[in-house]
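Just below is one structure, and these are the notes that go with it.
Residue numbers (mature numbering (1 follows the signal peptide of the UniProt record, and there is no 0)): -22 to -1, 1 to 234.
Here it is in structure tokens:
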């Protein structure tokens, strides 16, 4: 009996200890009327990691402890920073979480954390973090980090995190429109116009500077273009005459 009691007590302690690491944090989205259980995204053996432009590295856990943070003096921490000096700073304790709507994604949610360490004693400001979740992808992924500095102190860091939302249906009207690209026909027309402009500019400069031409003669191959216009005009009138039965008495051409 004593052995069974000890086994039962050990199991109870083990279960309760693990329940402390993970939190029951869910949010009912007012836009979709669907509950998002963020606790399902937490893993006791891993956390999300991202390195900011400043060189600081952040370890982030969703609704639980970040394992790397929990091995340092800043524990317990859901979000911690490893700065360039090699020191860890707590940017959010798991027990302080608060879930609200995401102002940038009506289908997602926002998770707020606050730490117990003061960032700026003068203003009595504590280090805190904001996790903005947006429904995208199959696995939680940090896609952006923003370090916010006020009064010379960096006390707030925000993250943009893609998370899977299997129970959320996003209408096609809310999906981002694909970027419109220029069609092949327009590309050809643009190349043709640019090529002709370059030809006209270079040819005009050569005729003016080298050949010392003036007036309309400056335009490269002016007579050829002028004859080309006449040929097109004669062709149009000739075809119209064939269709209407009215002979066209324009310029005469010799058959080659």
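Ideal placement from N, C-alpha and C gives every residue a C-beta, glycine not left out.
Neighbour-count burial assignment, residue i, 16 or more Cβ in a 10 Å radius
{"i": "residue 93", "result": "buried"}
{"i": "residue 172", "result": "exposed"}
{"i": "residue 48", "result": "buried"}
{"i": "residue 167", "result": "exposed"}
{"i": "residue 95", "result": "exposed"}
{"i": "residue 138", "result": "buried"}
{"i": "residue 20", "result": "buried"}
{"i": "residue 43", "result": "buried"}
{"i": "residue 199", "result": "exposed"}
{"i": "residue 38", "result": "buried"}
{"i": "residue 175", "result": "exposed"}
{"i": "residue 106", "result": "buried"}
{"i": "residue 15", "result": "exposed"}
{"i": "residue 82", "result": "exposed"}
{"i": "residue 68", "result": "buried"}
C-alpha distance - residue i paired with residue j, whole-angstrom precision
{"i": "residue 240", "j": "residue 45", "result": "Since the displayed the chain opens at -22 and closes at 234, residue 240 lies outside it and no answer follows."}
{"i": "residue 9", "j": "residue 135", "result": "26 Å"}
{"i": "residue 112", "j": "residue 87", "result": "7 Å"}
{"i": "residue 13", "j": "residue 50", "result": "34 Å"}
{"i": "residue 222", "j": "residue 170", "result": "35 Å"}
{"i": "residue 90", "j": "residue 110", "result": "9 Å"}
{"i": "residue 62", "j": "residue 28", "result": "14 Å"}
{"i": "residue 35", "j": "residue 103", "result": "22 Å"}
{"i": "residue 182", "j": "residue 161", "result": "32 Å"}
{"i": "residue 41", "j": "residue 130", "result": "30 Å"}
{"i": "residue 210", "j": "residue 187", "result": "31 Å"}
{"i": "residue 179", "j": "residue 219", "result": "38 Å"}
{"i": "residue 224", "j": "residue 208", "result": "20 Å"}
Proximity winner among the options, relative to residue i (alpha-carbon distances)
{"i": "residue 18", "options": "144, 180 and 197", "result": "144"}
{"i": "residue 262", "options": "163, 141 and 5", "result": "Absent from the model: residue 262. The displayed extent of the chain is -22 to 234, so no value can be given."}
{"i": "residue 80", "options": "24, 6, 29 and 26", "result": "6"}
{"i": "residue 66", "options": "42, 53, 199 and 163", "result": "53"}
{"i": "residue 132", "options": "101, 97 and 146", "result": "97"}
{"i": "residue 60", "options": "99, 32 and 165", "result": "32"}
{"i": "residue 24", "options": "118, 78 and 64", "result": "118"}
{"i": "residue 108", "options": "64, 58 and 184", "result": "58"}
{"i": "residue 26", "options": "11, 56, 4 and 15", "result": "56"}
{"i": "residue 11", "options": "76, 185 and 84", "result": "84"}
{"i": "residue 120", "options": "68, 99, 30 and 3", "result": "30"}
N-terminal and C-terminal residue of the alpha helix (DSSP H) that residue i is part of
{"i": "residue 162", "result": "162 to 187"}
{"i": "residue 46", "result": "45 to 48"}
Residue i Cβ short of 6 Å to the ligand SAM heavy atom set
{"i": "residue 107", "result": "Among the components modelled here there is no ligand, and therefore nothing to report on the ligand SAM."}
Endpoints, the beta strand (DSSP E) within which residue i is located
{"i": "residue 116", "result": "Element bounds for residue 116: n/a, residue is neither H nor E."}
{"i": "residue 83", "result": "83 to 98"}
{"i": "residue 137", "result": "131 to 141"}
{"i": "residue 58", "result": "57 to 60"}
{"i": "residue 75", "result": "Where residue 75 is concerned, there is no enclosing beta strand (DSSP E), given that its DSSP letter is neither H nor E."}
{"i": "residue 21", "result": "No beta strand (DSSP E) contains residue 21, which DSSP labels as neither H nor E."}
{"i": "residue 102", "result": "Looking at the DSSP string, residue 102 is not in any beta strand (DSSP E), and its letter there is neither H nor E."}
{"i": "residue 13", "result": "12 to 15"}
{"i": "residue 6", "result": "4 to 7"}
{"i": "residue 38", "result": "35 to 38"}
Quiz item: Should the segment 71 to 78 be regarded as contacting the segment 118 to 127, the criterion being three or more beta carbon pairs within less than 8 Å?
Solution: no
Quiz item: Do three or more CB pairs link the segment 214 to 222 to the segment 186 to 196 at distances below 8 Å?
Solution: no
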